[in-house]
Amino acid sequence: MKPKLGEDLSLTYAFLHHHPFKLLGILDVENIPCARDSILYGSLGSVVAGLGHFLLTSRIRRSCDVGAGGFAVVTLGCWFHCRYNYAKQRIQERIAREGIKNKILYESTHLDPERKQSNSSS
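Every position in the sequence shown, counted from 1, becomes a number in this note's numbering once 217 is added.
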């Protein structure tokens with residue numbers, strides 16, 4: 218019995234979404250913030266560095282070494298930059314969340330800072 222087109226696609230869809238892509242079996246690229254972009258930019262940096270070095274020097278082995286080094290440098294650079302911005306954003310979100318919570322808690326009470334400012338200026 219031949220499966221219908223929709224059934225075949227649903228099986229493929231279910232397989233792809235239940236088994237996340239892991240790089241080298243350890244790095245879950247789908248769920249770790251910044252991992253995907255860092256790997257992609259590192260790959261591009263590797264190609265650019267290796268190919269550029271090969272075009273300048275025509276030395277194959279050294280160009281491969283430069284490409285591997287370019288991958289490591291660009292990947293780590295993108296990783297640290299992205300994780301720093303991610304951590305900074307999380308801190309800003311937490312501060313905003315606490316501010317909104319305090320605004321809801323203290324609004325229209327004697328502890329409301331805006332109410333004290335309007336009373337003192339009148």
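Where a beta carbon is used, it is the ideal one built from N, C-alpha and C, also for glycine. Computed from a prediction, not measured in an experiment: that's the story for all the values here.
Do the CB positions of residue 260 and residue 285 come within less than 8 Å of each other?
no
I need the DSSP call for residue 326, collapsed to helix, strand or coil.
coil
Rounded C-beta distance between residue 265 and residue 287? I'm assuming under 8 Å.
7 Å
Is the beta carbon of residue 270 closer than 8 Å to that of residue 278?
Their beta carbons are not under 8 Å apart, which means residue 278 does not touch residue 270 by this criterion.
I'd like the list of long-range same chain contacts for residue 315, defined as Cβ closer than 6 Å, with 5 residues on each side in sequence excluded.
none
If you scan the stretch 238-288 from start to end, which runs of the alpha helix (DSSP H) of 4 or more residues do you find wholly inside it?
252-274
Quick check: what's the CA-CA separation for residue 329 versus residue 307?
26 Å
Could you check which residue in 326, 301, 323 has the C-alpha nearest to that of residue 250?
301
Thinking residue 256 and residue 292 are a contact (beta carbons under 8 Å), I'd like their distance in whole angstroms, please.
6 Å
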